[in-house]
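Reading through the C-alpha cells given below for one structure.
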Amino acid sequence: MADLVQLLVSGIATGAIYALAALGFTLLWQAAGVINFAQGEFVMLPAFAMLFGIAFGLPMWLAFLVACVLAAIVLGLGFKLVIVDPLIRHGVIPLVIATLGVSIAVKSIVRAGYSAEAHPLASPFPSGQLSLAGVTVSYADIGTLVLAGVIVVALQAFLNKTVTGRAMQAVAQNTDSARVLGINVRRMVMYVFVINAVLAVVAALLITPTYLAKFDMGDSIGQKAFFAAIIGGFNQTRGALLGGVLIGVLENLVGFYVSPAYKEGVALLLFLLVILFRPEGLLGKAEERKV
Amino acid sequence: MNASVRNTAILVAALAALCIGALFLKRSDVYLLNLTMVYLMATFGLNLTVGYAGQMSLGQAAFFGIGAYIGAILMKMGFSFLLVVPIAAVACFVVGLALGFPALRVQHHYLAFATLGFNVLVFLVMRNEEKVTGGTYGISSIPRPTILGWSFDKPLAYFYFTLFWLVVLGGALWWLLRSPWGRAFAALRDNPIRAESLGVNITAYTLLAFAIGAACAGIGGVYYASLVEFIEPGPFHFSTSLMMLLAVIVGGSGRFFGPVVGTIIIILLPEVLRGSALEALKFMQKWYLVFFGVAVVALMIWLPGGILSVADRFRRPPGVAK
Numbered sequence: 120m121a122d123l124v125q126l127l128v129s130g131i132a133t134g135a136i137y138a139l140a141a142l143g144f145t146l147l148w149q150a151a152g153v154i155n156f157a158q159g160e161f162v163m164l165p166a167f168a169m170l171f172g173i174a175f176g177l178p179m180w181l182a183f184l185v186a187c188v189l190a191a192i193v194l195g196l197g198f199k200l201v202i203v204d205p206l207i208r209h210g211v212i213p214l215v216i217a218t219l220g221v222s223i224a225v226k227s228i229v230r231a232g233y234s235a236e237a238h239p240l241a242s243p244f245p246s247g248q249l250s251l252a253g254v255t256v257s258y259a260d261i262g263t264l265v266l267a268g269v270i271v272v273a274l275q276a277f278l279n280k281t282v283t284g285r286a287m288q289a290v291a292q293n294t295d296s297a298r299v300l301g302i303n304v305r306r307m308v309m310y311v312f313v314i315n316a317v318l319a320v321v322a323a324l325l326i327t328p329t330y331l332a333k334f335d336m337g338d339s340i341g342q343k344a345f346f347a348a349i350i351g352g353f354n355q356t357r358g359a360l361l362g363g364v365l366i367g368v369l370e371n372l373v374g375f376y377v378s379p380a381y382k383e384g385v386a387l388l389l390f391l392l393v394i395l396f397r398p399e400g401l402l403g404k405a406e407e408r409k410v
Numbered sequence: 009m010n011a012s013v014r015n016t017a018i019l020v021a022a023l024a025a026l027c028i029g030a031l032f033l034k035r036s037d038v039y040l041l042n043l044t045m046v047y048l049m050a051t052f053g054l055n056l057t058v059g060y061a062g063q064m065s066l067g068q069a070a071f072f073g074i075g076a077y078i079g080a081i082l083m084k085m086g087f088s089f090l091l092v093v094p095i096a097a098v099a100c101f102v103v104g105l106a107l108g109f110p111a112l113r114v115q116h117h118y119l120a121f122a123t124l125g126f127n128v129l130v131f132l133v134m135r136n137e138e139k140v141t142g143g144t145y146g147i148s149s150i151p152r153p154t155i156l157g158w159s160f161d162k163p164l165a166y167f168y169f170t171l172f173w174l175v176v177l178g179g180a181l182w183w184l185l186r187s188p189w190g191r192a193f194a195a196l197r198d199n200p201i202r203a204e205s206l207g208v209n210i211t212a213y214t215l216l217a218f219a220i221g222a223a224c225a226g227i228g229g230v231y232y233a234s235l236v237e238f239i240e241p242g243p244f245h246f247s248t249s250l251m252m253l254l255a256v257i258v259g260g261s262g263r264f265f266g267p268v269v270g271t272i273i274i275i276l277l278p279e280v281l282r283g284s285a286l287e288a289l290k291f292m293q294k295w296y297l298v299f300f301g302v303a304v305v306a307l308m309i310w311l312p313g314g315i316l317s318v319a320d321r322f323r324r325p326p327g328v329a330k
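Line by line, the protein sequences are chains U and B. Under my numbering, the residues of the first sequence are numbered 120 to 410, in order. Under my numbering, the residues of the second sequence are numbered 9 to 330, in order.
See the structure below:
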C-alpha cells in the first residue's frame, strides 16, 4: 500500500512535467495550428542554457531566469518569425517536416559542438525525503508538484481572468471572429509562442535533475508531450494535464509491477486505446473537417 | 511519349553505368552502394505512404528492423532466402494493417505519432527480448543467399543480386502506381474529400498504401541483414525512421525517383565525406546533420516539393497550351 502511494505521488510528479510540455504543445496547436515536433528540443536547449549559466557562476534562480528570457526570444519569437511565419501558408505537413529538421539540427549542434555525454544539473529542491504514516515521498517530487501546480493554476487564471488571456482564447477558438472583434491576433499568437517557450524552460528545470541534460533528452519528453496532448484531447488545455498525469502514473505502475524495460511503451498503448475508442481524446471535442 | 522514351533511356543508361562501374570500384564502395540500395527498398515503400497516400509515417525503421530480424532468425534456421523475403513482407504488411487501422481512422498527424510510438516499442522489444533477438549483442553470422547452387556471398555478387531485386521491386511499385488502383492514390492525396465523394474508400486505400509501404521496408530489412551479416537494435532506432521520412521529402515525395535522391543524401553522402582525405570534408561530416536539418527547413520554405521539383520551377505551368 505504501509502495502504491509512493508510486502514485512520484508518477503524478513526473506526469506534471509531461503536462507542462504538453500544455505548450496544445496551446500552439489551438492558437496557431502548429504541431511542433521539436518540442522535446525546446526542453533540451534550456536545460543546457541553465547548465552553462551555473557553470558561469550564476545562482540557480538567476540561471533559470536567464534561460527563460533566452527561450522567450529564441524559442518563442525566433521560432515564430524564422520557421512558422514563412511556412504556415504551405499547410500543416511542410511545417511539421521543418520542425523535424529543426529538431535534428539542434540535437546535432549540441552533440557536435558541445558534448554527446549526459550532464547532471542540481535539483532546485532540497534532497531527502518526507516520511508520513509509513509513506516516504521525496522533497523533489513534492516541489515538482507544487511548482507545476502553481504554474498551471496561474496559467489558467491568466487565460480565464485577464483580458489578454480571454483574447488569446478567442483567437484559439475562432481567428476570424477574433479579428473582427478588434483583437490583435498577431500579438496574441506571439504571446502563445512565448508562453510555450517559458513552459518548456520550467519543464527543463524540473526534469533535468532526474533525467540529466543530454542532446537527445528531448526525444523521450517530446513523445510524452504529444501522447499526453492527444490522450487528453488535442483541443483542450485541461486535456494535456490529464494526459500527462495519466502517462506519468501508469508508467510508474507498469515499471514497478510489470517490467521496467517496457515503461516507455505505456504512452503508446494508452494512445492507441484512446484513438480506437475515443479519437477526439478523453476531454476533447470532435472537430469537423473543412472542405 | 517522347519524354517517356527519353526517361526510360536515361534510366537504362544509369543502371548500365552502375553495373559496369561497380566492377571498377573498391570493395568498401560496392558495400556502400549496396547499403544505399537496401535502404532504397524501404524509402521506395515509404514514398507510397508519404508521397502518394499523403500520410506521415515515422516508423519505417521499425518495419525495416522487423524484416531484418525475421530474415536473420529464419536464415540462420536454414530457410531459403527467397522464402524468407515473402514471409518478412507478409509479416510487415499484417503488422502495418494492425497499426494503421486505429491511427488512420483519425487524420494526418495521428499516424505519425502512432508509428513513432510503435518504433520506440519495437526498439524496446529488440533490446529486451534477448532469447529471440540477442538483445544488445544482436545476431551475428547471418548468411548471404545461395539460390539453386549459386552463392551470392561475394560482395560484387550480392551487389548485383540486390540491384536485380531492387529493380524488380521498383518495377512492381511503378506498375502498381500506374494501375487504376494506384491512380486512386493520387486522387486521394490531391483532394481527399473529392475522392471520397467519387466513391474512393479513403481509409481502406490509405491503410493499404501504408501496409504495402511497410512490406517494402520488411523486404529491405531482409536484404540489409544479409548484407551486413550482423544486426543489433541500433540501426532501427526511430531516428532512422526520421531520416527515411526526410529522405523521401527532401528528394521529392510523390515523385517516383524522389527517394533515390533522398536516400543518396542520407546514406551515401555522409559515408563518402567520412571516407574522404580532405580535412574540410571531414569537418563537413561531423556537422553533416546540422547542415541537413537546416537544409530541410530551407527546402520546406523555398522548395516544399523536394529537390526533384526544381525542374518544374522552370517549366511552363501545367494547363498552358503547348
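Backbone N, C-alpha and C fix where the C-beta goes; we use that ideal spot for every residue, glycine too.
Sub-8 Å separation of residue i and residue j beta-carbons
i	j	result
residue 417 of chain U	residue 365 of chain U	No answer is possible for residue 417 of chain U: the residues shown for chain U start at 120 and end at 410.
residue 67 of chain B	residue 386 of chain U	no
residue 344 of chain U	residue 351 of chain U	no
residue 261 of chain B	residue 58 of chain B	yes
residue 72 of chain B	residue 104 of chain B	no
residue 144 of chain B	residue 279 of chain B	no
residue 340 of chain U	residue 146 of chain U	no
residue 224 of chain U	residue 146 of chain B	no
residue 74 of chain B	residue 82 of chain B	no
residue 97 of chain B	residue 227 of chain B	yes
Any chain U beta carbon closer than 8 Å to residue i
i	result
residue 145 of chain B	no
residue 309 of chain B	yes
residue 113 of chain B	yes
residue 84 of chain B	no
residue 47 of chain B	no
residue 136 of chain B	yes
As assigned by DSSP and simplified to three states, the class of residue i
i	result
residue 166 of chain U	helix
residue 332 of chain U	strand
residue 158 of chain B	strand
residue 339 of chain U	helix
residue 220 of chain B	helix
residue 18 of chain B	helix
residue 409 of chain U	Below a pLDDT of 50, predicted positions are generally treated as unreliable, and residue 409 of chain U, at 44, falls in that range; the measurement from the model is reported next regardless. Residue 409 of chain U falls in the coil class under three-state DSSP.
residue 328 of chain B	Low confidence applies to residue 328 of chain B: its pLDDT is 46, below 50, so where it sits in the model is not reliable, and the reading given next is rough at best. Coil at residue 328 of chain B, not helix or strand.
residue 210 of chain B	helix
residue 150 of chain B	coil
residue 154 of chain U	coil
residue 239 of chain B	strand
residue 378 of chain U	coil
residue 293 of chain B	helix
residue 139 of chain B	helix
residue 197 of chain B	helix
Buried or exposed by the 16-neighbour rule on C-beta atoms within 10 Å, applied to residue i
i	result
residue 316 of chain U	buried
residue 310 of chain B	exposed
residue 161 of chain B	exposed
residue 138 of chain B	exposed
residue 299 of chain B	exposed
residue 179 of chain B	exposed
residue 264 of chain U	buried
residue 342 of chain U	buried
residue 197 of chain B	buried
residue 329 of chain B	Because residue 329 of chain B carries a pLDDT of 43, less than 50, the predicted location of this residue cannot be relied on, and the following value inherits that uncertainty. Exposed: under 16 other Cβ atoms inside 10 Å.
residue 27 of chain B	exposed
is_contact[residue i, chain B] using C-beta, thresh 8 Å
i	result
residue 206 of chain U	yes
residue 401 of chain U	no
residue 140 of chain U	no
residue 369 of chain U	no
residue 376 of chain U	no
residue 381 of chain U	yes
residue 342 of chain U	yes
residue 326 of chain U	no
residue 387 of chain U	yes
residue 231 of chain U	yes
residue 250 of chain U	no
The ligand PLP heavy atom lying under 7 Å from the CB of residue i
i	result
residue 301 of chain U	Judged by which ligands are present, the structure shown has none, so any question about the ligand PLP falls away.
**Q.** Every unbroken alpha helix (DSSP H) within the stretch 72-131 of chain B, with a cutoff of 4 residues, ordered by chain
**A.** 89-113
Q. Enumerated in chain order, which unbroken segments of the beta strand (DSSP E) with a length of 3 residues or greater are wholly contained in the stretch 214-295 of chain U?
A. Considered as a whole, the stretch 214-295 of chain U harbours 248-251, 254-257 as its complete beta strand (DSSP E) runs of no fewer than 3 residues, in chain order.
(Q) As an exercise, report each continuous alpha helix (DSSP H) stretch of at least 4 residues that is fully enclosed by the stretch 160-209 of chain U, in chain order. (A) 179-190
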